[in-house]
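These notes concern the structure reproduced below.
Numbering (the working numbering), first residue to last: 2 to 389.
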């Protein structure tokens, strides 16, 4: 049956994250620091909003773009929290931020188009560029430069075929952010090369050093930026699968047609839950979000100190909920380290190579789990490092 399989799909490598997750799920006594999923339960008021919507019989499709009130609140949220202005008419509620990434890449990529992708980065970007017919071009971001995209990286990677650059800050897997100054520094290069910006800001609320800055809030960048975000991380709503994408009119129109044919709409009850998350957060000053952020910040500090104490140099995350220590000192790359750690100590981390070759000497550890499990995992990792 191989002749029926699309050649691009056949050539994709399986997710480096899921491989370890599948092993851990069947390993008794294992601790997983692999999957980036908050250990917080979705707040009760949000869950209750979904239950009430079902009880009231709100079980039909919504409009393709999503509930009007939700889109209005999304645009209010972006403006009040991040000084970003988009229109509800150019906002699409998606099945998680993941659908939004796929939508924009399919909407903008023609065969042969090159898309600049920071490395290390979220595992889906390069495969989705490839599946959309484009060519992913890595921008190798280094720890010594705080894992940021620089004007020099963009200039060196651009060719006449370059169409867009993906920005993903706060970053998965490194925990890096880009400050307003660092973002402003790359804008002239983006404008000079006439690039579209695809800005994945799913971790925007989990920034530890002041308020997150979106490139879409700077100058006229909203006119050439597609902004992606969602509810999974900030509101502990991973399983609800609800995100959103805002874009300039022409790109929004193309994405909307793909969304109509492929998805139709995000689940209605999830949309009611998301709307509640925003509406009540406007009232309480995003208290739940602030509480989770502070908890993650403490966990991150614990993890960084622990790895540095082991002699494994670890970049201090400024956002998201991951640490990305280098394991080069052990004489192993991330793949070997992760495999041996899992077999010998039953702790699952993700090889850095899963996020691009720039991360091959690192491993990613999620600290979106309870402190007791983190402490036990660190003890096992420390024993493993001492043993080698």
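For glycine and all other residues, C-beta sits at the position ideal for the given N, C-alpha and C.
Rounding to the nearest angstrom, what Cα-Cα distance links residue i and residue j in this structure?
i           : j           : result
residue 284 : residue 204 : 21 Å
residue 243 : residue 189 : 33 Å
residue 122 : residue 303 : 23 Å
residue 105 : residue 256 : 6 Å
residue 78  : residue 337 : 43 Å
residue 391 : residue 162 : The displayed coordinates of the chain run from 2 to 389. Any statement about residue 391 would go beyond what the structure contains.
residue 2   : residue 10  : 14 Å
residue 263 : residue 95  : 11 Å
residue 475 : residue 13  : There is simply no residue 475 to check, as the chain begins at 2 and stops at 389 in what is shown.
residue 296 : residue 7   : 45 Å
residue 312 : residue 333 : 14 Å
residue 185 : residue 217 : 11 Å
residue 172 : residue 150 : 11 Å
residue 377 : residue 152 : 42 Å
Can you say whether residue i is buried or exposed, counting buried as having 16 or more other CB atoms within 10 angstroms of its CB?
i           : result
residue 5   : exposed
residue 143 : exposed
residue 1   : Examination of residue 1 is not possible in this model, given that the chain is present from 2 through 389 alone.
residue 306 : exposed
residue 92  : buried
residue 62  : exposed
residue 85  : buried
residue 389 : exposed
residue 310 : exposed
residue 372 : exposed
residue 1   : Shown here, the chain extends from 2 to 389; a query on residue 1 therefore has no answer.
Using C-beta distances below 7 Å, list every residue in its chain close to residue i, excluding the 5 sequence neighbours before and after it, in chain order.
i           : result
residue 277 : 46, 47, 50
residue 374 : 32
residue 273 : 50, 51, 54, 59
residue 76  : 87, 88, 89, 92
residue 298 : 209
Residues in its own chain within less than 8 Å of residue i by CB, not counting five upstream and five downstream?
i           : result
residue 339 : 21, 349, 350, 351, 352, 364
residue 259 : 104, 107, 108
Looking at residue i and the ligand ATP, is the gap between the Cβ and the nearest heavy atom below 7 Å?
i           : result
residue 173 : The ligand ATP is absent from the structure shown, which contains no ligands of any kind.
Ordered along the chain, which non-local residues of its own chain (more than five positions away) have a Cβ less than 6 Å from that of residue i?
i           : result
residue 282 : none
residue 174 : 121, 323, 325, 356, 365
residue 127 : 118, 137
residue 359 : 120, 121, 141
residue 135 : 110, 114, 116
Quick check on residue i - is its C-beta less than 8 Å from some C-beta in chain C?
i           : result
residue 334 : In the structure shown, chain C does not exist; there is a single protein chain.
Alpha helix (DSSP H) runs contained entirely in the region 149-217, provided each spans 4 or more residues: Within the region 149-217, the complete alpha helix (DSSP H) runs of at least 4 residues are 152-158, 181-193.
At 3 residues or longer, what runs of the beta strand (DSSP E) sit wholly inside the region 70-100? Listed in chain order, the complete beta strand (DSSP E) runs (minimum 3 residues) inside the region 70-100 are 92-95.
To test your reading of the DSSP string, which unbroken beta strand (DSSP E) runs of 3 or more residues are found completely within the region 95-134? 115-120
Would you be able to state if there are at least three C-beta pairs under 8 Å between the region 318-327 and the region 170-184? Counting Cβ pairs under 8 Å, three or more are found: they touch.
Would you be able to state if there are at least three C-beta pairs under 8 Å between the region 285-293 and the region 231-240? yes
Which runs of the alpha helix (DSSP H) fall wholly inside the region 210-274 and span at least 4 residues, in chain order? 250-263
What are the complete alpha helix (DSSP H) segments, minimum 4 residues, inside the region 300-368? 335-346
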